[in-house]
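Reviewing the structure listed below.
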Amino acid sequence: MLELMHDTHLDFGKPPLIVPKTASKPSSPRPAKGCANAPTPVQLVAAAKPLEKETAMSNTVPVRDAHPSTKALTTPLKDMQKTLPLRVLSEDDWQHWTTYGYVIVKEAVPQENVERIGKVLWDFQGMNPDDPETWTKPQLRDHKMKELNNTGMVEIYNHQYLWDNRQERRVYDAFVDIWDREDLWVTIDRANLNPPNKASRATGGFIHWDVDTSLRPLPIGVQGVLSLAKQDGDVGGFQCVPELFQKMEEWLKTQPEDRNPMAPDTTGFEVVKIEMNPGDLLIFNSLLAHGIRPNHSENRVRMAQYISMHPAEEDNEKERDIRIASWKNREAPRRDAFPGDPRAWEKNNSEVAELTPLGKKLLGLESWH
Ligand SMILES: [Fe+2]
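Just so you know, we're using the numbering used here here: the sequence shown kicks off at 79 and counts up by one.
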């Protein structure tokens with residue numbers, strides 16, 4: 079039976095997994111090839127110290143909610159041998175994915191989709207894109223995961239336009255490439271609208287994992303973020319530590335027993351900030367340490383929708399019922415990582431999202447078999 083692990087305390091205390099080494103790999107991270115205007119990762123040279131400080135802060139109050147991981151596979155994703163032909167990724171993309179733990183799918187959704195969900199996010203947050211005076215509202219509810227406070231999370235989960243992106247064929251095909259299988263469920267996740275992190279919204283950014291890296295075998299999971307606005311320069315957005323992903327087995331052996339398994343000490347590693355165009359989809363391995371860097375721009379915002387897929391868990395009726403109820407009732411999934419919306423905006427302002435035949439399977443409303 080396929081099983082998702084939502085409880086990160088499972089499997090504690092098991093012996094460490096020795097992960098086989100991969101074949102020879104490129105020596106430094108680079109953007110995915112085969113894509114027009116491929117983004118250039120830029121080293122965050124000056125960020126090392128503030129990040130260490132921020133990580134130390136998050137270490138004091140660890141909340142161990144976890145992104146869904148799967149037991150449907152036993153081989154780590156970086157060691158996967160493909161059986162299905164690639165649909166969206168190029169061979170170079172695949173090599174980059176297995177080496178550095180992330181890949182960028184250019185123009186994963188049409189620009190029209192990007193624009194319409196963008197407008198909804200502004201409305202949802204009660205902000206006017208043309209009036210920066212409205213951008214400094216406090217978040218609606220504090221996060222249990224402290225590092226997420228003031229990072230611009232938008233507690234919207236089941237709007238039609240979010241679902242339209244989830245059921246976009248190119249997005250699905252990219253995840254079929256990653257998982258090498260077609261029977262997938264999409265994560266019901268939120269969005270991000272992060273205006274400049276100034277005054278009461280100031281934050282230092284963070285680097286973390288959404289899975290527990292003390293578990294053995296290491297969790298197998300995939301995450302994704304669809305960019306809804308130009309992400310470059312000082313506007314903030316996604317940052318990650320690909321070198322740590324590449325060297326993780328050796329690095330783990332050097333770490334103290336009491337390290338925080340949800341947040342690494344990034345000393346000695348380069349933190350890479352990712353540049354993306356609106357409509358680009360970044361897919362990353364859950365073992366890639368990552369986070370949000372603060373928006374230091376004057377008057378630009380970072381906008382994104384979190385989208386990921388994982389092997390469907392059709393035998394798990396409880397989980398399927400929870401997912402369907404979340405979609406139907408327009409509510410946040412009940413997880414520590416998701417504070418939800420105290421106003422129930424979605425329930426009061428939108429209809430149940432219409433699903434395509436693909437969307438029904440991605441939710442669990444219809445079976446893949
Ligand atoms: Fe995360």
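For every residue, glycine included, the Cβ atom is placed at its ideal position computed from N, Cα and C.
1) Grab the span of the alpha helix (DSSP H) containing E388 for me, first residue to last.
2) Assuming G437 contacts W241 under a Cβ cut-off of 8 Å, what Cβ separation, rounded to an integer in Å, is found between them?
3) DSSP three-state call for V303: helix, strand or coil?
4) Report the residue from V379, K439 and L366 whose alpha carbon sits nearest the alpha carbon of L69.
5) Per DSSP, which residues does R413 bridge with? Please list them.
6) Given 7 Å as the limit, tell me if D288 has its C-beta closer than that to any heavy atom belonging to ligand 1.
7) State yes or no: is the C-beta of A186 within less than 8 Å of the C-beta of N228?
8) Do the region 395-404 and the region 440-447 meet, that is, are 3 or more Cβ pairs less than 8 Å apart?
9) On a Cα-Cα basis, can you pick out the residue from T291, L304 and G315 that is closest to H374?
10) Measure the alpha-carbon distance for P207 versus E424 and round it to whole angstroms.
11) Rounded to the nearest angstrom, how far is the Cβ of K192 from that of G357, given a contact under 8 Å?
12) How close, in whole Å, do the beta carbons of V30 and L360 come, if the pair is a contact with beta carbons under 8 Å?
13) Any heavy atom of ligand 1 inside 7 Å of the beta-carbon of H174?
14) Can you name the start and end residues of the alpha helix (DSSP H) that M205 belongs to?
15) Identify whether Y235 lies in helix, strand or coil by the three-state DSSP scheme.
16) Could you check what DSSP says for V139 in three-state terms: helix, strand or coil?
17) Given that a residue counts as buried once 16 or more other Cβ atoms are within 10 Å of its Cβ, and exposed if not, what is R380?
18) Could you please give the first and the last residue of the uninterrupted beta strand (DSSP E) stretch that includes M381?
19) With respect to the beta strand (DSSP E) encompassing G315, which residues constitute its N-terminal and C-terminal limits?
20) So what's A367 in DSSP terms, helix, strand or just coil?
21) For ligand 3, any of its heavy atoms closer than 7 Å to the Cβ of H221?
22) So is L296 buried or exposed if we call it buried at 16+ other beta carbons inside 10 Å?
23) Just how far apart, CA to CA, sit E321 and E348?
24) Can you tell me whether DSSP reads Q309 as helix, strand or coil?
25) Spatial neighbours of V232 within its chain, please: C-beta separation below 7 Å, excluding the five flanking residues on both sides.
26) Cα-Cα, which of N355, P273 and A431 is closest to Q189?
27) CB-CB under 6 Å to V264, same chain, minus the five flanking residues each way: which ones, in chain order?
28) In three-state terms, what does DSSP make of K351?
Taking the structure as given:
1) In the sequence under discussion, the amino acid at residue 388 is His, which differs from the Glu named in the question. Where H388 is concerned, there is no enclosing alpha helix (DSSP H), although the beta strand (DSSP E) it sits in stretches over M387 to P389.
2) Indeed, because the Cβ distance is near 6 Å, the residues count as touching under 8 Å.
3) Correct three-state label for V303: strand.
4) Outside the modelled stretch of the chain, which goes from 79 to 447, sits residue 69, for which no answer is possible.
5) Per DSSP, F416.
6) At least one heavy atom of ligand 1 lies less than 7 Å from the C-beta of D288.
7) With respect to the 8 Å criterion, A186 and N228 are not classified as neighbours on the basis of their beta carbons.
8) The answer is yes - the region 440-447 touches the region 395-404, with three or more Cβ pairs under 8 Å.
9) With distances taken between Cα atoms, H374 lies closest to G315.
10) If I take the Cα positions, the gap works out to 20 Å.
11) The sequence shown places Val at residue 192, rather than the Lys named in the question. Confirmed, Cβ separation roughly 5 Å.
12) Outside the shown range of the chain, which is 79 to 447, sits residue 30, and nothing can be said about it.
13) The beta carbon of H174 sits no closer than 7 Å to any heavy atom of ligand 1.
14) Taken as a continuous stretch (DSSP letters only), M205 belongs to no alpha helix (DSSP H), as it is neither H nor E.
15) Three-state DSSP puts Y235 in coil, outside helix and strand.
16) Residue placement at V139 is flagged as unreliable, the pLDDT there being 41, under the threshold of 50; the coordinate-derived value follows with that caveat. Residue state, collapsed to three classes: coil.
17) Residue environment analysis places R380 among the buried positions, since at least 16 neighbouring C-beta atoms fall within 10 angstroms of its C-beta.
18) Note, M381: beta strand (DSSP E), R380 to Y384.
19) Run containing G315: G315 to C318, per the beta strand (DSSP E) assignment.
20) The answer is coil: DSSP assigns A367 none of H, G, I, E or B.
21) In terms of ligand content, the structure shown lacks ligand 3 and carries ligand 1 instead.
22) Burial call: buried.
23) Rounded to the nearest angstrom, the two C-alpha atoms are 7 Å apart.
24) The answer is strand: DSSP assigns Q309 an E or B state.
25) A distance below 7 Å between beta-carbons, with the five flanking residues on each side excluded, links V232 to the following residues of its chain, in chain order: L199, F202, Q203, R268, A269, N270 and L271.
26) That would be N355, whose Cα lies nearest to the Cα of Q189.
27) Sequence-distant Cβ neighbours of V264 in its own chain, meaning closer than 6 Å and more than five residues away, are R244, M387 and L440.
28) The three-state secondary structure of K351, taken from DSSP, is strand.
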